[in-house]
Structure formats: structure tokens, C-alpha cells
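The numbering of the sequence shown is this note's numbering, which starts it at 28 and goes up by one.
Where a beta carbon is used, it is the ideal one built from N, C-alpha and C, also for glycine.
From a predicted model like this one, the values you see are computed outputs, not experimental measurements.
First the structure, in the form of C-alpha cells, and then the observations on it.
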Amino acid sequence: METGSYARVKKLKMVEAEEDFREVEPWQTPIVVNSYNIPAPETFVMGDDFEVWESQVRCYIKQVPGSMRVDMILGFLAWDSYRKIMLYVSLEDAQQLLQLLRKRLVNFLPKEQYLEQFFLRHQQPNES
């Protein structure tokens, strides 16, 4: 049995190690990417250049296992962008998700502008 200051230090380190351990949910576990110096894309915010962002994302996710690509892409979306597609997050294919993002986020107008276009439009006689 160890005694003295060495035993106290060893016991103290064991207690500190136990305090540092935390339970984490699977979704909280960081994804380790072998990026080979490929920088992570910036978070996509509405109004950003989607073409550039998509190109950066495609280069980056090549390093990620296929099963994690959708989650990785969703992690690169700002809150306002994510809200536009959150009903479709059941997609499991990164290619389909990027197509959906292009459809929903590129040339997107706020609902106020759609309402303005609707009310300013003149109805033709043959339209109902």
C-alpha cells in the first residue's frame, strides 16, 4: 500500500479525472475529420453566395464517412437557413440535401416580398 504525499497526489488526480468525465449524447460527440488542410466551410447565412458555399462543403465532406455527411452539412447552416429546411431533415443522402438547399435557399424572398408581389399583381380576365 502506498503512503505519504505520493499516494495523496495520486488519489487527487483520480478524483480530478472523475470530475472531468461527462456523459454526452451521441449527437454531442464531435466529428473528427481528416481534412488534409481543407478549411471547414463558413456557416451558411441567408444572402450568402450559395455556389461558393456548396463548393466548399462538397470538398470538405469528401473526408467524412457517408453516414455522417448529412449531419455535417446541417451543422454548417445558420439558424435562419436551417429553419427553411427543417421539415426535410429526414433526408439521408448528402446529394439530395444539397439539391434541397439549393431549391429552398437560393433566390429566396422573404414572405413579405411574396405578399407584396401578390397584392401588386393585376389579375387577368381569364385567371381565377
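Remark: C-beta atoms of V97 and A67 do not approach each other more closely than 9 Å.
Counting only the Cα atoms, M73 lies some 7 Å from D107. Within 10 angstroms of the beta-carbon of F145 lie fewer than 16 other beta-carbons, which makes it exposed. A direct Cα-to-Cα measurement between Q150 and K89 gives close to 49 Å. Note on E81: 16 or more other CB atoms within 10 angstroms of its CB, so buried under the neighbour-count rule. Note: L104 is bridge-paired with F71 in the DSSP secondary-structure output.
DSSP, read as helix, strand or coil, puts I65 in coil.
Around the beta carbon of V116, fewer than 16 other beta carbons sit within 10 angstroms, so the residue counts as exposed. Cβ atoms of C86 and I100 stay farther apart than 8 Å, at about 12 Å. L128 sits buried, since 16 or more C-beta atoms from the chains shown fall within 10 Å of its C-beta.
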